[in-house]
Amino acid sequence: MPIPEDVTGDEIDKDVRQELLSLPKTLADDVAKNLVMVAKLLDEDPEKAYGYSRVALRLASRVPAVREAAGFAAYAVGKYSEALAEFRAARRMTGSVELWPVMADCERGLGRPEKAMAMAGEPEVQKLDRAGQVEMRLVAAGARRDMGQADAAVVTLQSPELASSAVHPWTARLRYAYADALLAVGREDEARDWFARALEADQGGTTDASDRLAELDGVEFTDALEAADEMDEADESTGARDADGDAAREGDGARDDEGPAKG
Numbered sequence: 082m083p084i085p086e087d088v089t090g091d092e093i094d095k096d097v098r099q100e101l102l103s104l105p106k107t108l109a110d111d112v113a114k115n116l117v118m119v120a121k122l123l124d125e126d127p128e129k130a131y132g133y134s135r136v137a138l139r140l141a142s143r144v145p146a147v148r149e150a151a152g153f154a155a156y157a158v159g160k161y162s163e164a165l166a167e168f169r170a171a172r173r174m175t176g177s178v179e180l181w182p183v184m185a186d187c188e189r190g191l192g193r194p195e196k197a198m199a200m201a202g203e204p205e206v207q208k209l210d211r212a213g214q215v216e217m218r219l220v221a222a223g224a225r226r227d228m229g230q231a232d233a234a235v236v237t238l239q240s241p242e243l244a245s246s247a248v249h250p251w252t253a254r255l256r257y258a259y260a261d262a263l264l265a266v267g268r269e270d271e272a273r274d275w276f277a278r279a280l281e282a283d284q285g286g287t288t289d290a291s292d293r294l295a296e297l298d299g300v301e302f303t304d305a306l307e308a309a310d311e312m313d314e315a316d317e318s319t320g321a322r323d324a325d326g327d328a329a330r331e332g333d334g335a336r337d338d339e340g341p342a343k344g
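Residue numbers (my numbering): 82 to 344.
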């Protein structure tokens, strides 16, 4: 797959660059460029990101960062079995538990929420940092809902991190998930409050909390461009009808003029 000229490979994280030192320099540079493309495209064009990840995997399958990138790219396009295999490979290579929550979420994606719940109770969870434990809690709550245990999902999300007023990178998503879980069990007023709190913490626009709040408040937004297009179409339609009417009136006048001549 083509690599844009402005991508050098130097953009990658220094820890990943360190892993690539085991490769010949030219090969390491090629792998680095493909990994940069995966990172750049993962959110905006996951299918393309997946393509670049497969190239990197073909070039350097023994590099943990490559397996991890391939896992996230597969995860982004819903290839959960493939993603899980890549995450497991990366974990075997590094011994890290960092990928444990996303591995559990792959189990959910494969329709195995019970397996995800079992993973939430494994000792690996205690080795996760705070952010990782929040991710695991989010996955576990999702698994509860998958199994039809909506009330249990609410309880699962209740934690010191949820109660804290401090804002972390995961705060908005945690509050949003809690609001959504409350709404699922009919606690609408509380849900509205937590969607508002999620919006407060959502500095990067990672959730649609504002839309959910508007929906609960019965507010309907109109797309300004769509509204303008509709008005233009209405004006054109009215103009066409007016023109037709003028033509019809002119025709009537001609017939009136012709009438007496025939008589």
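From the three backbone atoms N, C-alpha and C, an ideal C-beta is built for every residue, glycine too.
Bear in mind that the values here come from a model prediction, so they are computed numbers and not experimental data.
Point to revise | First and last residue of the uninterrupted alpha helix (DSSP H) at M228 | key: For the purposes of this step, residue 228 is taken as the residue at position 147 of the sequence shown. From DSSP, M228 is part of no alpha helix (DSSP H); its letter is neither H nor E.
Exercise for review: Ignoring anything shorter than 3 residues or poking outside the stretch 136-204, list the beta strand (DSSP E) runs there in chain order.
Suggested key: As far as the stretch 136-204 is concerned, it has no whole beta strand (DSSP E) run of at least 3 residues.
Practice item. Compare the C-alpha of T89 against each of L294, V117 and D96 and name the closest. Key: Indexing the sequence shown from 1 puts residue 89 at position 8. For T89, the nearest C-alpha among the options comes from V117.
Exercise for review: Specify the secondary structure class of L122 as computed by DSSP and reduced to three states.
Suggested key: On the sequence shown, position 41 is the one that residue 122 refers to. Three-state DSSP puts L122 in a helix.
Point to revise | Exposure label - V235; buried when at least 16 CB within 10 Å | key: Position 154 of the sequence shown, counted from the start, is the residue given in the question as residue 235. Under this definition V235 is a buried residue.
Point to revise | Cα-Cα separation, T288 to W251 | key: The residue given as residue 288 occupies position 207 in the sequence shown. The residue given as residue 251 occupies position 170 in the sequence shown. Rounded to the nearest angstrom, the two C-alpha atoms are 11 Å apart.
Point to revise | Own chain, CB closer than 7 Å to A329, minus 5 neighbours either side, in chain order | key: Here residue 329 refers to the residue found at position 248 of the sequence shown. Confidence at A329 is low in this model, with a pLDDT of 48, below 50, so its placement is unreliable and no value can be given for it.
Review point. Does the beta-carbon of G334 have 16 or more other beta-carbons within 10 angstroms, so that it is buried, or is it exposed?
Key: Along the sequence shown, one-based indexing puts residue 334 at 253. Low local confidence applies: a pLDDT of 46 at G334 is under 50, so the model's placement there is unreliable, with the coordinate-based value given in what follows. It counts as exposed.
Review point. How many Å lie between A224 and C187 at the Cα?
Key: The residue labelled residue 224 in the question sits at position 143 within the sequence shown. The residue labelled residue 187 in the question sits at position 106 within the sequence shown. Roughly 11 Å separates the two Cα atoms.
Exercise for review: Just mark G152 as buried or exposed, buried being the case when its beta carbon has 16 or more other beta carbons within 10 Å.
Suggested key: One-based indexing of the sequence shown puts residue 152 at position 71. Label assigned to G152: buried.
Exercise for review: Tell me where the alpha helix (DSSP H) around L209 begins and ends.
Suggested key: Locating residue 209 in the sequence shown gives position 128, where the first residue counts as 1. First-last for L209: undefined, no H or E at that position.
Practice item. Could you say which of A253, Y259, E271 and R278 lies nearest to G353 if we only look at CA atoms? Key: Since the first residue of the chain shown is 82 and the last is 344, residue 353 is not available in this structure.
Check your understanding: Which stretch, first to last residue, makes up the alpha helix (DSSP H) that contains R273?
Key -> Residue numbering aside, residue 273 sits at position 192 when the sequence shown is read from its first letter. From DSSP, the alpha helix (DSSP H) with R273 extends over E269 to A282.
Review point. How would you write the range of the alpha helix (DSSP H) that V97 sits in, first residue to last?
Key: Translated into the one-based positions of the sequence shown, residue 97 becomes position 16. Run containing V97: K95 to L101, per the alpha helix (DSSP H) assignment.
Exercise for review: Taking A244 and V220 to be in contact with their CB atoms under 8 Å, please state how far apart those CB atoms are, rounded to whole angstroms.
Suggested key: What you label residue 244 is simply residue 163 of the sequence shown in a count that begins at 1. What you label residue 220 is simply residue 139 of the sequence shown in a count that begins at 1. Not quite, the Cβ-Cβ distance comes to about 20 Å (not below 8 Å), so this is no contact.
Practice item. Determine, using beta carbons only, whether E149 and L102 come nearer to each other than 8 Å. Key: Here residue 149 is taken as the residue at index 68 of the sequence shown, counted from 1. Here residue 102 is taken as the residue at index 21 of the sequence shown, counted from 1. No, these two residues do not count as a Cβ contact at 8 Å.
Practice item. Enumerate in chain order the residues of its own chain whose CB-to-CB distance from P145 is below 7 Å, with the five nearest sequence positions on each side excluded. Key: Counting from one through the sequence shown, the residue named residue 145 turns up at place 64. Only E100, A171, M174 and T175 meet the Cβ criterion.
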